[in-house]
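Residue numbers (the working numbering), protein chains in the order written: chain R, 1 to 338; chain V, 339 to 519; chain E, 520 to 1264. We put the beta carbon where it would ideally sit given N, CA and C, even for glycine. Bear in mind that the values here come from a model prediction, so they are computed numbers and not experimental data. What follows is a single structure, written as structure tokens, with notes after it.
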């Protein structure tokens, strides 16, 4: 970990100015990912601007029939908030399936949006990586890629976005409030994270000096028919190989509204509006779910170690939609996959 | 109001382009004792405890939030102290394994339960397990053995004492009046 | 036995428990000194080649940096390879840190930055710039199988495969039932929770006190004295607590060399702690490719066993753990051919990891037995009973004891094996397929020569001392129990001192031999104290014990009393006063009985039963229940013994389902070198584990009738789980770990 200077501004605007004023300055809040990356020398900020105690950003508030989650609300506070549990249980489940209680107590909503990939090569400064050092190459394409992406990849990067929370947020059509030197703006979650293309060093569309201030949840929370299904290499405290957030609105036996997002398969939470459209108005049958899965995965590509994810994702989508339709969400502690 | 913490240290001689070594004055209440100290911004709470305070009960197992050996209670909540920069925790209350037993040496019920159930072998993950378990009880989200297992999964034990850890926590939960199962 | 045993055999809480739950137990990287400097290791990025330039200027100029050590400026150490060979080194040329510009494996230490603080050293380490000239490397064992060789020099203490017996090839050809398959277990890293660490406390005049993460303080001491040409009196190694090791602390690792080197050069105390990543830059459980062929008659009696293993080793040492030998003694078979070869790959030398070799070989053998049972439509347990080995056919010796039949029976009863429907895929609940599998475990019940000292004070306090270690195994506790029983004391009156090179000689703690070796030595030393004490008591004027021999007295509550009339007794204090001493100190050495060793084979046995639930569609496997029935002689402490077995089973679950060190062969580097991506089992992975100890009378393996427990718990566990997965799904997975992708087809 390099040496750096540190400041703790008292207001968002000051924080933005502090980061803008110094090349290599970065915001820090919970620190659970940034400090981790700094110890690996993957991140080497010149200054840390501590936004962790900024006032007013640690609240969950009613807004326009939905909820506004301050960027500093911790993952634990979010997941266990009664309003979230009641109205957006999909989000609660997703958050609780990620990391560990200790990490969730420290990690923030804003930080979770911005957490970086778990790609082995990205984390290892002894190896090339286009995301870490643009132009050095991507050894994962022909290397150890069990955890890598199958959708939306480029020859430059096959890393995945590791968040569980963001997968649920994508399904819920959340949006992100940000502020920066150019003022406030709102970014739809679908547009917040990006695909690697030829700029894998950029994870999101957030501007360099911008800061996330809140996440907005629209009114629709799908509290009756949802599931967050996470498949991983051990029963807890592991990143998703594949995860599926499924949220349905049912009209008797048929689907009125469908949301479907995948984690662990792409550089961003992978939402497929076409597959959702296909489900709309259809009876909730395995056939319909299988068609939707096929549509989601039609352009999926494996790289050897991760090729299994295509079949796994297909089955996981079907299972998640079935669970959602039946109103039997996947429990977090019960490892029996219902 | 700007709270740029008092930067008391002068810039140390350092190679061109390198950030200066700044010390920051912070206050922490550690195991009930309030202390003022100067810390560099890159010092983690874990390294501060182990290297500066000689409170080596809090363990460094991975230094990256992957094992839970460094778990302490920060303002009553369990966190990985390895990922917390001390400077960012100014004003916090920190409880480590050294602060759990009573002043007369009587073990905390969780510590006693760990001994009774042989909930450890090498002992290296143990302080983190115990602090985590104390935090777990406080949170109140675990009611069954299954939930204990899930919510204690942030604490790795390579010796594999998990079944005994769960048994110890169940006992401590019962003593604390929380219904288990 | 002049004393009744009150502690031996009783469940006792760990005597070091309080220290461990309060955080007071000190591990290697936690000792300190007023002038302590901190070392941080820089690791190589390439697998093979040479360093053409190493620029340390920026690092040296960084604040707080004292020195950057590289191959260019390292001090001279011992010349001969043999000086670097530690107590358990395999044949070859041990790795020498910072020796020259050659890079022989990825992650090799190439520099040590020493600074005033940990953070300063870490910061500066990132500023060291290394330029390499790459050389072609090979880390893929499958690419070098053609070059596999029988190790020309045996590793001391590790028997090579026995000579073939009978005619296995012909018997196999003639057998009506055959199974032949390849098996593979992924390389694994030990990953004890405590990273490797060494703190060297330097005293003016050059005396060193070294706190090292090591399973035998004397192994570190002899390595340091030999490498750095120091007199033994100037090097003391103290390691009272070891935060898990599982074999990773058997050999001194490079942080020891670096810390001592820096300390001697800088003439001050130095600590070097490895990062978790660097825990993947030394020994590991080797990549091993196996083939197994079993031939049987129609009743399932084995006609032929052919088992070959090819294991990866480093370019510089021939690590050996043999793998196949257990296949020659686990079952009765007259035609056996076992082969073990090595092939060199460009990694560090593999290292003994919990039951080295056995869980690999037994995964193949026990999977093969299950395949045989399936082919014959015989209950897998019945098949094992039909092939029960009454003697060790590898050596022609009788087993010193073997209650494996009882283990099978009691384990099966506890598990409910009789209710198993043997057809694969025949048990399910909802979306989950349920599988029940079983396997046999076997492991050496060794004993090594060891010495111990016992010191009794007139106040009735007893201290026993031996240089062994407690790596979480419970050594402190069982030695306390044995000593307390020997003199009829309460455990609170006994102190066990271990983990110090200045104490009487002990082998490293490994091989599951510590209870037998250290336990026997401690008991012998205590018995010697007892004899001396009785002699003093008999010499007293009007002694009530004047004519009493050891068989006529009991030692209890600080007194020696006549067995026939306990009211006639002499207190320890009075006896010592009569002897004119205020303490009695005795040192004794015990060793295996040569006569017994020539006639008997001491082995520990296990019968492992596992239940898995497999999501039929998603392939996710959960181990919901394990019963491990153990035949291990006498159990000193059922409480800590149970923990040892549970720990072994958890290790086995990791091997079966989650653990895999993944090499990028193009880079020659283990890539998931952290414990977020190297998946140790977590609490949620582990459910019911039921441990049974069956009665087993053991009188030949060692004086105290015990067998070690540190390793038997893993042997057979992975096989039982793989067999359960087959029973659940009908899919035979011969490559561990059984991750869900392997069950998707």
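Which residues of chain V have a Cβ atom closer than 7 Å to the Cβ of residue i, listed in chain order?
i                       : result
residue 546 of chain E  : 462
residue 102 of chain R  : 406, 409, 416, 417, 418, 470 and 492
residue 835 of chain E  : The premise fails here: residue 835 of chain E is roughly 28 Å from chain V at the closest Cβ pair, so nothing lies under 7 Å.
residue 52 of chain R   : 426
residue 1199 of chain E : 494 and 496
Give me the residue from the options with the minimum Cα distance to residue i.
i                       : options                           : result
residue 700 of chain E  : E:1263, E:1259, E:1256 and E:1252 : E:1252
residue 538 of chain E  : E:761, E:810 and E:1260           : E:761
residue 385 of chain V  : V:366, V:404, V:408 and V:415     : V:408
residue 964 of chain E  : E:1036, E:607 and E:1061          : E:1036
residue 1196 of chain E : E:1179, E:1207, E:618 and E:1110  : E:1179
residue 1105 of chain E : E:981, E:783 and E:932            : E:981
residue 557 of chain E  : E:780, E:815, E:564 and E:1051    : E:780
residue 62 of chain R   : R:269, R:216, R:223 and R:232     : R:216
residue 1217 of chain E : E:1159, E:1123, E:1146 and E:1130 : E:1123
residue 1049 of chain E : E:1102, E:595, E:997 and E:1022   : E:1102
residue 58 of chain R   : R:90, R:101, R:105 and R:86       : R:105
Against residue i, what residues of chain R qualify as contacts under a CB-to-CB distance less than 7 Å, listed in chain order?
i                      : result
residue 415 of chain V : 105
residue 446 of chain V : Under the 7 Å cutoff, chain R gives no residues; its nearest Cβ is about 19 Å from residue 446 of chain V.
residue 403 of chain V : 32, 36 and 103
residue 360 of chain V : 5 and 6
What I want to know is whether the C-beta of residue i ends up closer than 7 Å to one or more non-hydrogen atoms of the ligand GDP.
i                      : result
residue 132 of chain R : This structure simply doesn't include the ligand GDP, nor any ligand for that matter.
Can you list the residues of chain E that residue i reaches, using a CB-CB cut of under 7 Å?
i                      : result
residue 487 of chain V : 1202 and 1203
residue 120 of chain R : 1190, 1191 and 1196
So which residues of chain E does residue i contact, with C-beta pairs closer than 8 Å?
i                      : result
residue 311 of chain R : 1263
residue 389 of chain V : 636 and 637
Going by beta-carbon coordinates alone, are residue i and residue j separated by less than 8 Å?
i                       : j                       : result
residue 283 of chain R  : residue 254 of chain R  : yes
residue 887 of chain E  : residue 811 of chain E  : yes
residue 152 of chain R  : residue 266 of chain R  : yes
residue 156 of chain R  : residue 268 of chain R  : no
residue 1126 of chain E : residue 959 of chain E  : yes
residue 906 of chain E  : residue 847 of chain E  : no
residue 1203 of chain E : residue 1129 of chain E : no
residue 1156 of chain E : residue 530 of chain E  : yes
residue 660 of chain E  : residue 806 of chain E  : yes
Here's the rule I'm using: 16 or more other beta-carbon atoms within 10 Å means buried, otherwise exposed. How should residue i be labelled?
i                       : result
residue 599 of chain E  : exposed
residue 536 of chain V  : Only positions 339 to 519 of chain V appear in the structure, and residue 536 of chain V is not among them; the question remains open.
residue 841 of chain E  : buried
residue 2 of chain R    : buried
residue 1168 of chain E : buried
residue 186 of chain R  : exposed
residue 1061 of chain E : exposed
residue 355 of chain V  : Reliability of the predicted coordinates at residue 355 of chain V is poor, the pLDDT of 35 falling under 50, and the value obtained from them is presented with this limitation in mind. By the neighbour-count rule (16 or more Cβ atoms within 10 Å), residue 355 of chain V is not buried but exposed.
residue 576 of chain E  : exposed
Using a C-beta to C-beta distance shorter than 8 Å, which residues of chain R count as neighbours of residue i?
i                       : result
residue 798 of chain E  : Chain R residues near residue 798 of chain E: none, gap ~14 Å exceeds 8 Å.
residue 1186 of chain E : 127, 139 and 143
residue 660 of chain E  : The premise fails here: residue 660 of chain E is roughly 16 Å from chain R at the closest Cβ pair, so nothing lies under 8 Å.
Give the residues of chain E in contact with residue i, contact being defined as C-beta atoms less than 9 Å apart.
i                      : result
residue 392 of chain V : 549 and 551
residue 440 of chain V : Neighbours of residue 440 of chain V on chain E: none; closest Cβ ~11 Å, over 9 Å.
Item to check | Complete beta strand (DSSP E) runs within the stretch 552-591 of chain E (minimum length 3 residues, chain order) | outcome: 556-562, 568-574 and 584-589
Item to check | Any beta strand (DSSP E) of 3 or more consecutive residues that is wholly inside the stretch 902-943 of chain E | outcome: If we require 3 residues or more, the beta strand (DSSP E) runs fully inside the stretch 902-943 of chain E come out as 916-918.
Next on the checklist: Could you tell me which whole alpha helix (DSSP H) segments of length 4 or greater appear in the stretch 1146-1183 of chain E?
Outcome noted: Runs found: 1157-1172.
Checklist entry - For the stretch 1191-1263 of chain E, which segments carrying the alpha helix (DSSP H) assignment without a break, of at least 4 residues, lie completely within its bounds, in sequence order? => result 1236-1248
Next on the checklist: Quick check on the DSSP output: what are the complete alpha helix (DSSP H) runs of length 4 or more inside the stretch 401-457 of chain V, in order along the chain?
Outcome noted: 447-454
Checklist entry - Going along the chain, which unbroken runs of the beta strand (DSSP E) with 3 or more residues stay wholly within the stretch 789-862 of chain E? => result The stretch 789-862 of chain E contains these whole beta strand (DSSP E) runs: 789-792, 807-815 and 821-832.
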